[in-house]
Every structure is written in C-alpha cells, then in structure tokens.
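The block underneath contains the structure these notes are about, expressed in structure tokens.
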Amino acid sequence: MSSVRVAGWTVVAFVLMALAVPWFLWDTSAIAAGLPVWLWWHIGWMALASVVFAVFARTDWGLGVEEVN
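Listed below in structure tokens is the structure:
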C-alpha cells in the first residue's frame, strides 16, 4: 500500500509541476477582472498547490522517508 501512495503522490507532484508554467497562455494578452489571465492562472495554481500540500501534510507526511512498522 505504501508504494502505491508514493506513486500517487509522485504523479500529483509531476502534474503540479507541469501546470506551474502556463505555456499555453504565453501569446495571450487577455485581461479578466483587471488582471492578466496568466496572473489568474498563477493565483489558482498557488491555491491548488496549497490545498494539495495541506492534504499531503495531514495524510502522508513522511511517506517514503520514515520506516513503516
């Protein structure tokens, strides 16, 4: 079970890293609510990353580092 959880969190980490840079918004100059869309993307990404980290910290902190008894 532990190796499945490690693999799951690894996938989540890679997805978050892939979404960190909004490469698909590089050529747009769209504005939403007074701010560029790419900035809204980063605000949303930071909120998502914070929630994911909070879940990880509460459920699986030390996974892959500490020994399971």
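Start counting the sequence shown at 1; every next residue gets the next number (the UniProt record's numbering). Beta carbons: idealized from backbone N, C-alpha and C, even for Gly. Predicted model only: the values in this text are computed from it and were never measured.
Checking 8 angstroms against the spacing of the C-beta atoms, do residue i and residue j come in under that value?
i: W38; j: P22; result: yes
i: L63; j: V11; result: no
i: A49; j: L25; result: no
State the DSSP-derived secondary structure class of residue i, mapped to helix, strand or coil.
i: A49; result: helix
i: A13; result: helix
i: A32; result: strand
i: A20; result: coil
i: W38; result: helix
i: L25; result: helix
Give me the Cα-Cα distance between residue i and residue j, rounded to the nearest whole angstrom.
i: I43; j: V52; result: 14 angstroms
i: W40; j: F14; result: 21 angstroms
i: A32; j: V55; result: 30 angstroms
i: A18; j: M46; result: 13 angstroms
i: S2; j: P36; result: 42 angstroms
Quick one: is the Cβ of residue i within less than 7 angstroms of any heavy atom of the ligand FMN?
i: A20; result: In the structure on display, the ligand FMN does not appear, and there are no ligands present to speak of.
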